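Peer 1: In my numbering, the protein residues as written are 19 to 166.
Each residue gets a CB set at the ideal place from its N, CA and C atoms; glycine is no exception.
Just so it is clear, the structure is predicted and the values come from calculations on it, not from any experiment.
Okay, handing you the structure first.
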């Protein structure tokens, strides 16, 4: 009988602890809404940095603070707003990519919103071509436009 009561008590405590963890925690999407979270640069020339601005809107009734923005590698440089974003206002997270190494890339920019534990993820991708491959790509593009 004592074993049964102990088992039931342990089950009740465990269930309560799990229920506490499962309560809805705020998400970045509860505070800001992005027009898009992914951008494909397509083919870019090696050594030519590219930039993209991820536009977003504060969808709350109070100012939102972007605490931090960081990238999955040193080749990507995010820039965040320094001031709080007023309710209903728009702003951008900038993502710069240095295009130093040839080949396909898929990078992540993490955005930490104040009051949210898990950062939001923005993605950039594309393919970096060396000078010869890029020249060939551009020539083919030009030929395809001229032939139509």
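Rounded to whole angstroms, what's the CA-CA distance from residue 138 to residue 162? Just pull it up for me.
Peer 2: By one-based count along the chain shown, residue 138 stands at place 120. By one-based count along the chain shown, residue 162 stands at place 144. Distance between the alpha carbons of residue 138 and residue 162 is about 39 Å.
Peer 1: Near residue 145, what residues of its chain come up, given a Cβ to Cβ distance below 6 Å and the 5 sequence neighbours on each side ignored?
Peer 2: Here residue 145 refers to the residue found at position 127 of the chain shown. Closer than 6 Å at the Cβ level, and outside the excluded window around residue 145, lie 61 and 122.
Peer 1: Provide the residue span of the beta strand (DSSP E) that contains residue 106, from first to last.
Peer 2: For the purposes of this step, residue 106 is identified with residue 88 of the chain shown, where counting begins at 1. No beta strand (DSSP E) contains residue 106, which DSSP labels as neither H nor E.
Peer 1: Assuming residue 127 and residue 96 form a contact by the criterion Cβ under 8 Å, report the distance between their Cβ atoms to the nearest whole angstrom.
Peer 2: Here residue 127 corresponds to residue number 109 of the chain shown, with the count starting at 1. Here residue 96 corresponds to residue number 78 of the chain shown, with the count starting at 1. Confirmed, Cβ separation roughly 5 Å.
Peer 1: When DSSP labels each residue in this structure, what does residue 145 get in the three-state scheme?
Peer 2: Counted from its first residue, the chain shown places residue 145 at position 127. Of the three classes helix, strand and coil, the one that applies to residue 145 here is strand, per DSSP.
Peer 1: Of the residues 78, 77 and 114, which one's Cα is nearest the Cα of residue 87?
Peer 2: Stepping through the chain shown from its first residue, residue 87 is reached at position 69. The shortest C-alpha separation from residue 87 is found at 114.
Peer 1: Check whether the Cβ atoms of residue 64 and residue 104 lie closer than 7 Å to each other.
Peer 2: Along the chain shown, one-based indexing puts residue 64 at 46. Along the chain shown, one-based indexing puts residue 104 at 86. Their beta carbons are not under 7 Å apart, which means residue 64 does not touch residue 104 by this criterion.
Peer 1: Can you tell which of 157, 58, 46 and 125 has its C-alpha closest to the C-alpha of residue 74?
Peer 2: For the purposes of this step, residue 74 is taken as the residue at position 56 of the chain shown. Answer by Cα proximity: 46.
Peer 1: Using 8 Å for Cβ pairs, my map puts residue 76 next to residue 112. What's the rounded Cβ distance?
Peer 2: In the chain shown, counting from the first residue as 1, residue 76 sits at position 58. In the chain shown, counting from the first residue as 1, residue 112 sits at position 94. Separation of the CB atoms of residue 76 and residue 112 is rounded to 17 Å, and the pair is thereby denied contact status at 8 Å.
Peer 1: Report the three-state DSSP secondary structure of residue 79 (helix, strand or coil).
Peer 2: Against the chain shown, residue 79 aligns to sequence position 61. In this structure, residue 79 counts as coil in the three-state DSSP scheme.
Peer 1: What are the boundary residues of the beta strand (DSSP E) that residue 85 is part of?
Peer 2: By one-based count along the chain shown, residue 85 stands at place 67. 84-89 is the span of the beta strand (DSSP E), which, as asked, contains residue 85.
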